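Novice: Quick note: the sequence shown uses our numbering, first residue 536, plus one each step. Just so you know, even glycine gets a beta-carbon here, dropped at the ideal spot from N, CA and C. On a predicted model such as this, the values are computed, not experimentally measured, just so you know. Got a structure here, written out as structure tokens. Questions coming.
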Amino acid sequence: MNVPYKGRWTVTASGGDPRAAIDDSYSTRWVSEPSVAPWLEIDFGRIAILGGLEVYWGRHAPKVYSFGSSLDGEAWTPLCATRHGEGGQDVFAFPPTEARFVRWTCADPEPERGLEIVEINLYGPGEAASVQEPGRIAALGRGPVKIPPGESITVDFGYTRSPLGVLVQWGETYGTDFSVELSDDGENFREVGRIILGNGDYDSFYWRSTTSRYLRFTVHEASSPEGAVVDELKLRILNKDRMPIGQLERAAQVARSDLYPQALLERQVYWTVLGEIDRSEDALFDEYGNLEPRPGSGQLMPLFRLDGTLHGAPGASAITQTLADGALPIPSVAWSAREVELRATALADAGQAIVEYRITNRAGVPQQGALVLALRPAQINPYWQHGGHAIINSIAIDGKEVRVNDGWYAGFSSAPDVATIAEFHDGDVVKLIENQPQHTERCLHSDSGLLSAACEFDFSLDPGETASFVVSAPLRDGIAPDTEVDFASIREKVARVWREKIGPRRITVGDREVSDTVEAQTGLILVNATRYAFKPGPRNYDRTWIRDGSSQALALLYAGLIEEAERYVLWYSKRIYDNGMVPPILNPDGSVNRGYGSDIEFDAQGQFVAIAADTYRFSRDRAFLEAIFEPVVRATRFIEELCARTNALHGPETRFHGLLAPSISHEGYNKPTYSYWDNFFALRAWRDCAYLAAEIGDAEIANLAETKEQEFAANLARSLRMTTEELGSGLVHASADREDVDPTSTSIAFEPCRVEDVLPAEYIQATYDLYLDHLELIRAPDFQGGFTPYEIRNLNALVALGRTEEAFRLLGDALTWRRPAGWRHWAEVVWADPRVPDYIGDMPHTWIGAEFATAIRRMLVRENGGTLELFRAVPDAWWEGEGITLNELPTCFGTVSLKARRNESRVTVDLSVTGTAPKRIVLRYPGARQAHADGKPCEIDGDLIKAPNLNRLVIDL
């Protein structure tokens, strides 16, 4: 009754070649044909007893699917199922079940693409995962299990694995206090997560990378005295144990570490992106000079061979990363070995990623060696970032060109002197060539998915002499690599194109790091973007949310790229549903993304209206206003429907009344919540709708929006105060139902929403005191955790609250969070240990970049009705050197040009505004003794200098 060997199984399916799903090869995959109801059926040939199964998924996995078993192929019994498929690896266990046939079916296929199963493994009871408590194994995919308070489900994986988390789907009763622990021996457990305010439906845990054999889920308290019902306990297991990425890691970990991609050694790697304006294709270029030309492709790693020994950038004593002109998206990496320097400079042009490897002899004697470019079956985007293995089944090197998997991969400026192609044998090509070059056949095919290659280019350099080798790699199909590249000319052209697109530097301050970082965000936003869609990243986040897209569009408005912002708003406006709901996530092609978060992120309503209004404020484009006005009204009116859903459940005596329906748009929440984040954006939507209606001359809509705005503001202010007072915390809360405090989400009430008037004023300072305590924790030398640089938003709040010194410290912290600093950008998550192999979201994360750029701009220039506010918060370092320059900076009043300098006794500000003059100008400068605007004395109120308008301001200190 044991499960037969796979060689005895037969398999049929709804389409494709299903044998790949049971062939014991983790480099192949069955891809279902796009279908309404894909299925796959396994026949053992005889009856066996099953106790569990595993599914290894490829790139596309379903959310809802099930397995059934049968003795005769006619009558089917449910075996296991999930409603929470997430890809990777799914592990199920169930009571012993007799079966000859096992059938997989999917309830929610995506009609536009097939699903990918890498491998299905079926186990007998002795080989499968098990549960120590009798009768509770059904929770692992079979059906509901009741857990009395104080009791557990303890899973034995059977051997040490890499659990990432669990998801628990509750039944009619649920845990209110519950935890997860891990153990290596089944006796000594360590807690990895606990939730003490559970409210049913489902709950989700993730934790830091670790290993264990046992997992214990414990219900400490439940909504019912009888206990909680667990409908499903979904195990999240890292699936690299048998996948090719695991083989690569094991080989790298016993080899010389500097010769291998660092992600294979479980060390975090940081990258930037190469791309062209208005094109969706992009390449990754990492901090060591490695190139990943296309999503999922293998990476090209530069090495040196000197005196017969290979050297890699990770072993260098120093590595530097820079951008062209400090800010243009043309990155470079430089490092040395034995006084031979390698500078790799990368760019995108004409559908290709082009990298120049420039080698310079810094020694006082001649040097001979070789540049070795190693092609590895691993992505730069690491495994824990949904990247990892890159399937390479064929490599052909012909002259100056390389083909991978029968398609163009790269071309070289000269033919390699030595070419080596290797199958994987407990190591890749570098293991073969580490001690000396190896000539092999220049074409190889395999089904392993693990082929690798190395091309060596000899050089002989006198002291100070330089040699250059150029690689061109197509970014999309249909482009052959250009092997005759004049890199210097192309670099000059590409830099000129970017400068013309971005325009002159708008903001220059005495701290060059700030000026460069602000300007760099414009180019990075455009590289991540397609012609219409602003994406927050190039790989994991290859889609657009209105949430981050609106922030990036605002950053482009501030940088003078009004046409790009208009194009984005118009594109998004055409995808708003008939009922006014704004789809929170779109694919780059404009279709609605149906992944996690689709249609339950209600901040989208206010974010769309806000960026539409801001774009009009800058452009004053009447045709644009007429095009977006009806979608704006439709999106704003949908807020009424969202409030009605809440009011149907909660009466006017509750703190929920008048709020939007719960959603997951505030990203700290894993299930729908009454988040104030959504409501701040909704209040701004009503105010912006009234403004746009007045501008277009629709008095009826303007009056309606004003009335609704007043009603909504009163409900929101009341709810915020009630939550604080009912909980007795003395703090502003982030939601009405979670009892949580999150100053970073509250900060949006200041900017960009500008609805801080609804916050309970007496609780605001204490809320940001709490945030500053948090900053001290992450500044501490012994801090070991992670956080998101979204905290940059708090600059806006601290400045608005007059806490400028604390804002300046936060600004300094934010600059240290860049990875690497020379590339002027951030990942979505920052870990205290920069090499810890944990999720960092994506990078360059241009939503965070946009938050930084807009915050700095508001510190220098801010429109407030008819008032132009200048220098709201300016650190002393910004006055150094040539001081502060604003060069045709776009504002709602037109462009602002400004030159401000300071000496020991005087500050001089020269100002020009082209457009509608502001009604007054307010400039903050602490310690001003007197001030004159165009020779006339100014009113000074504390730190504020006020003037009706001015061309020159002179401040005496």
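For A533, which three-state DSSP category applies?
Specialist: No information on residue 533 is available, as it lies outside the stretch 536 to 1492 that the chain covers here.
Novice: What would DSSP say about L575, mapped onto helix, strand or coil?
Specialist: Strand, per DSSP.
Novice: In the structure shown, what three-state DSSP assignment does D738 receive?
Specialist: In this structure, D738 counts as strand in the three-state DSSP scheme.
Novice: Would you list the residues sitting across from S987 in a DSSP beta bridge?
Specialist: S987 pairs with A957.
Novice: Compute the beta-carbon to beta-carbon distance between A862 and D1051, rounded to the nearest angstrom, for a pair I have assumed lies under 8 Å.
Specialist: Correct: roughly 5 Å between the Cβ atoms.
Novice: Rounded to whole angstroms, how far is the Cβ of L908 from the Cβ of V1020, which I believe are closer than 8 Å?
Specialist: Contact flag wrong, Cβ pair sits at about 15 Å.
Novice: Which ranges would you report for the alpha helix (DSSP H) in the stretch 738-789 if only whole runs of at least 4 residues count?
Specialist: Listed in chain order, they are 779-788.
Novice: Give the C-beta separation of A1332 and Y1298 to the nearest angstrom, bearing in mind that I take them to be a contact with Cβ-Cβ under 8 Å.
Specialist: The pair is not a contact, with the Cβ atoms about 13 Å apart (cut-off 8 Å).
Novice: Taking buried to mean at least 16 other C-beta atoms within 10 Å of its own C-beta, is C1288 buried or exposed?
Specialist: Looking at its Cβ environment, which holds 16 or more other Cβ atoms inside 10 Å, C1288 is buried.
Novice: Buried or exposed for P1009, going by 16 or more other Cβ atoms inside 10 Å?
Specialist: Label assigned to P1009: buried.
Novice: Classify W870 as helix, strand or coil using the three-state DSSP reduction.
Specialist: W870 falls in the strand class under three-state DSSP.
Novice: If you draw a straight line from the C-alpha of L1424 to the C-alpha of R1102, how long is it?
Specialist: Between L1424 and R1102, the C-alpha separation is close to 20 Å.
Novice: How many Å lie between C990 and V939 at the Cα?
Specialist: When rounded, the distance between both Cα atoms is 14 Å.
Novice: Classify H1185 as helix, strand or coil using the three-state DSSP reduction.
Specialist: Note: H1185 maps to coil in three-state DSSP.
Novice: So, with DSSP's three-state summary, where would you put V538?
Specialist: Coil, per DSSP.
Novice: List the whole-angstrom C-beta distance separating I1042 from I1391, where the pair is believed to meet the contact cut-off of C-beta under 8 Å.
Specialist: About 7 Å; that satisfies the 8 Å criterion.
Novice: Reducing DSSP to helix, strand and coil, say where S1270 ends up.
Specialist: The answer is strand: DSSP assigns S1270 an E or B state.
Novice: Less than 8 Å separating the beta-carbons of F992 and A905?
Specialist: Contact: yes.
Novice: Mind listing, in chain order, the continuous alpha helix (DSSP H) runs of no fewer than 4 residues lying wholly within the stretch 1348-1411?
Specialist: Taking only runs of at least 4 residues, the alpha helix (DSSP H) segments lying wholly in the stretch 1348-1411 are 1381-1395.
Novice: Which residues does DSSP list as the beta-bridge partners of W592?
Specialist: DSSP output for W592 lists I652 as bridge partner(s).
Novice: Pull up the distance between the alpha-carbon of A763 and that of M1257, whole angstroms please.
Specialist: A763 and M1257: Cα-Cα distance of roughly 30 Å.
Novice: Taking L606 as part of the beta strand (DSSP E), name the residues at either end of that continuous run.
Specialist: First-last for L606: undefined, no H or E at that position.
Novice: Tell me, please, whether the stretch 1128-1139 touches the stretch 1195-1207 by the rule of three or more beta-carbon pairs shorter than 8 Å.
Specialist: Because the criterion of three Cβ pairs below 8 Å is met, the stretch 1128-1139 and the stretch 1195-1207 touch.
Novice: Does the Cβ of S949 have 16 or more other Cβ atoms within 10 Å, making it buried, or fewer, making it exposed?
Specialist: Exposed.
Novice: Are the beta-carbon atoms of I1014 and G886 separated by less than 8 Å?
Specialist: Their beta carbons are under 8 Å apart, which means I1014 touches G886 by this criterion.
Novice: If you measure between the beta carbons of G518 and P864, is that distance less than 8 Å?
Specialist: Past the boundaries of the shown model lies residue 518; the chain is included only from 536 to 1492, so the question cannot be answered.
Novice: Excluding sequence positions up to five away, which residues of its chain have a Cβ less than 8 Å from the Cβ of R581?
Specialist: Here the set comprises P539 and R635.
Novice: Going by DSSP, what residue range makes up the alpha helix (DSSP H) through K1036?
Specialist: F1022 to I1037 is the span of the alpha helix (DSSP H), which, as asked, contains K1036.
Novice: Report, in whole angstroms, the separation of the C-beta atoms of A673 and F692, which I expect to be a contact under 8 Å.
Specialist: So it is not a contact: roughly 17 Å between Cβ atoms.
Novice: Since Y1107 sits in a beta bridge, which residues does DSSP pair it with?
Specialist: Per DSSP, none; premise fails for Y1107.
Novice: Taking 8 Å as the threshold (C-beta atoms), are L841 and V965 in contact?
Specialist: Result no, Cβ atoms of V965 and L841 do not sit closer than 8 Å.
Novice: Tell me which same chain residues have a C-beta within less than 7 Å of the C-beta of V1144, skipping the five on either side of it?
Specialist: Result list for V1144: V1167, A1170, T1171, A1220, D1223 and C1224, in chain order.
Novice: Taking the alpha helix (DSSP H) that G1058 belongs to, which residues open and close that run?
Specialist: From DSSP, the alpha helix (DSSP H) with G1058 extends over R1047 to N1063.
Novice: Considering Cα atoms alone, identify which of R648, A1349 and K1471 is closest to L1310.
Specialist: Selected option, being the one with the closest Cα: A1349.
Novice: Pop quiz: E589 and V566 are said to be a contact at Cβ under 8 Å. What is the actual Cβ separation, rounded to whole angstroms?
Specialist: Rounded, the Cβ-Cβ distance is 19 Å, inconsistent with contact.
Novice: So, at 6 Å on beta carbons, what are the nonlocal neighbours of W611 in its own chain, with the 5 sequence-adjacent residues on each side left out?
Specialist: Cβ within range, chain order: G603 and S605.
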